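J.:
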Amino acid sequence: MSRKLEEYLIKERNRLDTDSPDEEAIWEKIEREMLTRKRKPALRVTGTGWIRIRNIAATVIILFSLGYITKDIIYTISARKQITLSSIDSNLERREEQYKTQVNYRIHEVKAMPVRDEAIISELYNELSRLDTIYRQSMNDLKVLGPSDRIINTIFDTYEQRIQLLELIILEKNKIANHENNENINL
Amino acid sequence: MNNDCFDIDSDLIERCRNGEPKAQFMLFRKYAKAMYNIAIRFTNNRMDAEDILQESFITAFEKLPELVNTISFPGWLKRIVINRCIDHARRNKQIFDDLDDKLANETVEENEPDFTIDPAIVHDLIRKLPEGGRTVLVLHILEGYKHREIAEMLGITESTSKTQYSRALKLLNKTIKQKIYVS
Numbered sequence: 000m001s002r003k004l005e006e007y008l009i010k011e012r013n014r015l016d017t018d019s020p021d022e023e024a025i026w027e028k029i030e031r032e033m034l035t036r037k038r039k040p041a042l043r044v045t046g047t048g049w050i051r052i053r054n055i056a057a058t059v060i061i062l063f064s065l066g067y068i069t070k071d072i073i074y075t076i077s078a079r080k081q082i083t084l085s086s087i088d089s090n091l092e093r094r095e096e097q098y099k100t101q102v103n104y105r106i107h108e109v110k111a112m113p114v115r116d117e118a119i120i121s122e123l124y125n126e127l128s129r130l131d132t133i134y135r136q137s138m139n140d141l142k143v144l145g146p147s148d149r150i151i152n153t154i155f156d157t158y159e160q161r162i163q164l165l166e167l168i169i170l171e172k173n174k175i176a177n178h179e180n181n182e183n184i185n186l
Numbered sequence: 000m001n002n003d004c005f006d007i008d009s010d011l012i013e014r015c016r017n018g019e020p021k022a023q024f025m026l027f028r029k030y031a032k033a034m035y036n037i038a039i040r041f042t043n044n045r046m047d048a049e050d051i052l053q054e055s056f057i058t059a060f061e062k063l064p065e066l067v068n069t070i071s072f073p074g075w076l077k078r079i080v081i082n083r084c085i086d087h088a089r090r091n092k093q094i095f096d097d098l099d100d101k102l103a104n105e106t107v108e109e110n111e112p113d114f115t116i117d118p119a120i121v122h123d124l125i126r127k128l129p130e131g132g133r134t135v136l137v138l139h140i141l142e143g144y145k146h147r148e149i150a151e152m153l154g155i156t157e158s159t160s161k162t163q164y165s166r167a168l169k170l171l172n173k174t175i176k177q178k179i180y181v182s
């Protein structure tokens, strides 16, 4: 190993500093830079400053997330409570009312007729029950997912099909009643 | 660094802490040359060394209120400069395997001549060493860091630090002898 060189470097360490910087020019740059930084104090953040900024950012994110979740929950709850066809549009409300009137009228008519347990009538009642299920599901979709043409059309389809089924039930009951009357006349 | 650098005027530092430009300039003048020479030995580039000097003093003035003991100012400032130099080396992806392997196998001359060479020439020859070895040599022999510390600072192994140092020292020895011979 170059021991003498090592000894020399240690001994002459201070005399090795032989280069001279352009002090005036460098100082000018330092002054200018420090002045610029003083004008922008917001950008001068210390170590603890960064921790504070990080904490504030984390708090903001948590609050924002909580706010978003709360809003989402409130929206869902309120949606479940409030959304019906009538709350969406007055035309839809009017149309639904018309369908309801027609359905109720036919139900009242069916109830006024004697009870029949023929297979075809049982089949029609089963079909009515299936339509009720579709209607309930569609109303639930409307509350959870919000209004859409597909859901609204499905709801009105169930009304139309109910009316048709109720008319068929009335027709079948009438047929049965007529057939019984004819049989009695023949007897 | 000159010994008088350790003769710190606490008053001057206090005035710098209060943001007094004249005091800051005086402090800069006192340490600029020593710090600049450290930087130029690391970078071997005047412009880079000036940039490092500028950034280091700005950092020092900004962080001066955090310095507890004013007596430790010279070492504290030197550490800022060295950290900047190491950042510079990292940015330039300094390579530590660029020294001639043959140098490691060279025999040691027992009868080395006494060094009577001008320090300015040695300083110049240090600057011309390959950068990886130069960094380790400067940190170890001139700035007093241990190989373990150098390894941590540069992200290399202690063994690499020792090897680089040994090779750089041999290369410097060789170039100094050549210089003496030519003279």
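As you go down the protein sequences, you meet chains Z and P in turn. The first sequence begins at 0 in numbering that gives the first Met the number 0 and counts up one residue at a time. The second sequence begins at 0 in numbering that gives the first Met the number 0 and counts up one residue at a time. For each residue, glycine too, the CB sits at the ideal point set by N, CA and C. From a predicted model like this one, the values you see are computed outputs, not experimental measurements.
Can you tell me whether Met34(P) is helix, strand or coil according to DSSP?
T.: In the structure shown, Met34(P) sits in a helix (DSSP, three-state: H, G or I).
J.: Look at the alpha carbon of Asp97(P) and the alpha carbon of Leu153(P), and state the distance between them as a whole number of angstroms.
T.: Caution applies to Asp97(P), whose pLDDT of 48 falls short of 50 and renders its modelled position unreliable; the model cannot decide the point.
J.: What is the DSSP secondary structure of Leu76(P), reduced to helix, strand or coil?
T.: Correct three-state label for Leu76(P): helix.
J.: With a floor of 4 residues, list each alpha helix (DSSP H) that falls wholly inside the stretch 15 to 43 of chain Z, ordered by position along the chain.
T.: Runs of the alpha helix (DSSP H) inside the stretch 15 to 43 of chain Z: 22 to 38.
J.: In angstroms, rounded to a whole number, what distance separates the CA positions of Ile150(Z) and Lys172(Z)?
T.: Whole-angstrom Cα-Cα distance: 33 Å.
J.: Does DSSP put Glu151(P) in a helix, in a strand, or in coil?
T.: Glu151(P): helix per DSSP, three-state reduction.
J.: Count Cβ pairs between the stretch 38 to 46 of chain P and the stretch 22 to 29 of chain Z that sit closer than 8 Å; are there 3 or more?
T.: Contact between the stretch 38 to 46 of chain P and the stretch 22 to 29 of chain Z is absent, because fewer than three Cβ pairs lie under 8 Å.
J.: What does Pro20(Z) touch in chain P if you count any residue whose Cβ is under 8 Å from its own?
T.: The contacting residues are Ala31, Lys32, Tyr35, Ala48, Glu49 and Leu52.
J.: Need the endpoints of the alpha helix (DSSP H) that Lys176(P) sits in, please.
T.: Per DSSP, Lys176(P) belongs to the alpha helix (DSSP H) from Glu157 to Val181.
J.: Hey, Pro73(P) and Tyr30(P) are a contact pair by Cβ (cut 8 Å); roughly how many whole angstroms apart?
T.: The pair is a contact, with the Cβ atoms about 7 Å apart (cut-off 8 Å).
J.: List the endpoints of the continuous alpha helix (DSSP H) containing Tyr144(P).
T.: Unbroken run through Tyr144(P): none, as it is neither H nor E.
J.: Taking only the alpha-carbon atoms, compute the straight-line gap between Arg12(Z) and Leu170(P) and give it to the nearest angstrom.
T.: One C-alpha to the other measures close to 18 Å.
J.: Pairing CB atoms from the stretch 54 to 69 of chain P with CB atoms from the stretch 14 to 33 of chain P, are three or more of them under 8 Å?
T.: Yes, the stretch 54 to 69 of chain P is in contact with the stretch 14 to 33 of chain P.
J.: Can you tell me whether Asn180(Z) is buried or exposed, with buried defined as 16 or more other CB within 10 angstroms of its CB?
T.: Counting Cβ neighbours within 10 Å, Asn180(Z) comes out exposed, since fewer than 16 surround it.
J.: State yes or no: is the beta carbon of Leu4(Z) nearer than 8 Å to at least one beta carbon in chain P?
T.: So yes, Leu4(Z) belongs to the interface.
J.: Answer with yes or no whether the minimum CB distance from His122(P) to chain C is below 8 Å.
T.: Among the protein chains in the structure shown, which are Z and P, there is no chain C.
J.: What residue range is occupied by the uninterrupted alpha helix (DSSP H) comprising Val121(P)?
T.: Per DSSP, Val121(P) belongs to the alpha helix (DSSP H) from Pro118 to Arg126.
J.: Looking only at its own chain, which residues have a Cβ that is under 8 Å from the Cβ of Ser137(Z), when we skip the five neighbours before and after it?
T.: Result list for Ser137(Z): Ile150, Thr153, Ile154 and Thr157, in chain order.
J.: Do Leu165(Z) and Arg105(Z) have their C-beta atoms closer together than 8 Å?
T.: For Leu165(Z) and Arg105(Z), yes; Cβs fall inside 8 Å.
J.: Return the residue from the list Glu130(P), Ala22(P), Tyr164(P) and Ile39(P) that minimises the CA-CA distance to Leu136(P).
T.: Comparing Cα-Cα distances from Leu136(P) to each of Glu130(P), Ala22(P), Tyr164(P) and Ile39(P), the minimum goes to Tyr164(P).
J.: With distances taken between CB atoms, is the gap from Leu168(P) to Glu6(Z) smaller than 8 Å?
T.: Result no, Cβ atoms of Leu168(P) and Glu6(Z) do not sit closer than 8 Å.
J.: On a Cα-Cα basis, can you pick out the residue from Glu142(P), Ile12(P), Arg166(P) and Lys176(P) that is closest to Val67(P)?
T.: If we check each option's Cα against that of Val67(P), Ile12(P) comes out closest.
J.: For Thr69(Z), decide whether its Cβ has a neighbour in chain P, counting only Cβ atoms nearer than 8 Å.
T.: Thr69(Z) does not count as touching chain P.
J.: Figure out for me which residue from Gln23(P), Phe56(P), Tyr35(P) and Ile155(P) has the closest Cα to the Cα of Arg126(P).
T.: Ranking the options by Cα distance to Arg126(P), first place goes to Tyr35(P).
J.: Can you tell which of Phe24(P), Ile155(P), Ile51(P) and Ile179(P) has the C-alpha that lies nearest to the C-alpha of Arg78(P)?
T.: Selected option, being the one with the closest Cα: Ile51(P).
J.: Quick check on this structure: which residue in Lys176(P), Asp10(P) and Thr159(P) has the alpha carbon closest to the alpha carbon of Glu3(Z)?
T.: Looking at the sequence provided, one finds Lys at residue 3(Z) rather than Glu. Of the listed residues, the one whose Cα sits closest to Lys3(Z) is Lys176(P).
J.: Please list the terminal residues of the continuous alpha helix (DSSP H) segment that includes Gly131(P).
T.: Start and end: Glu130 to Leu136.
J.: Kindly indicate the opening and closing residues of the alpha helix (DSSP H) around Met138(Z).
T.: Ala118 to Leu144 is the extent of the alpha helix (DSSP H) around Met138(Z).
J.: Using a Cβ cut-off of 7 Å, pull out every chain P residue sitting near Trp26(Z), in sequence order please.
T.: Simply Phe24 and Phe27.
J.: Within 10 Å of its beta-carbon, does Gln97(Z) have 16 or more other beta-carbons around it, so buried, or fewer, so exposed?
T.: Under this definition Gln97(Z) is an exposed residue.
J.: According to DSSP, is Pro20(P) helix, strand or coil?
T.: Reduced to three states, the DSSP call for Pro20(P) is helix.
J.: Taking only three categories from DSSP, how would you classify Leu63(P)?
T.: If DSSP states are grouped into helix, strand and coil, Leu63(P) belongs with the helices.
J.: Are Leu184(P) and Lys178(P) close, meaning C-beta to C-beta below 8 Å?
T.: With chain P represented from 0 up to 182, any question about residue 184(P) goes unanswered, as that position is not in the structure.
J.: Just the chain P side, please: which residues come within less than 7 Å of Ile52(Z) by C-beta, in chain order?
T.: The contacting residues do not exist; Ile52(Z) stays about 18 Å from chain P at best.
J.: Report back the beta-carbon spacing between Arg161(Z) and Val102(Z) to the nearest angstrom; my notes put them in contact at under 8 Å.
T.: About 5 Å separates the two Cβ atoms, so the contact holds.
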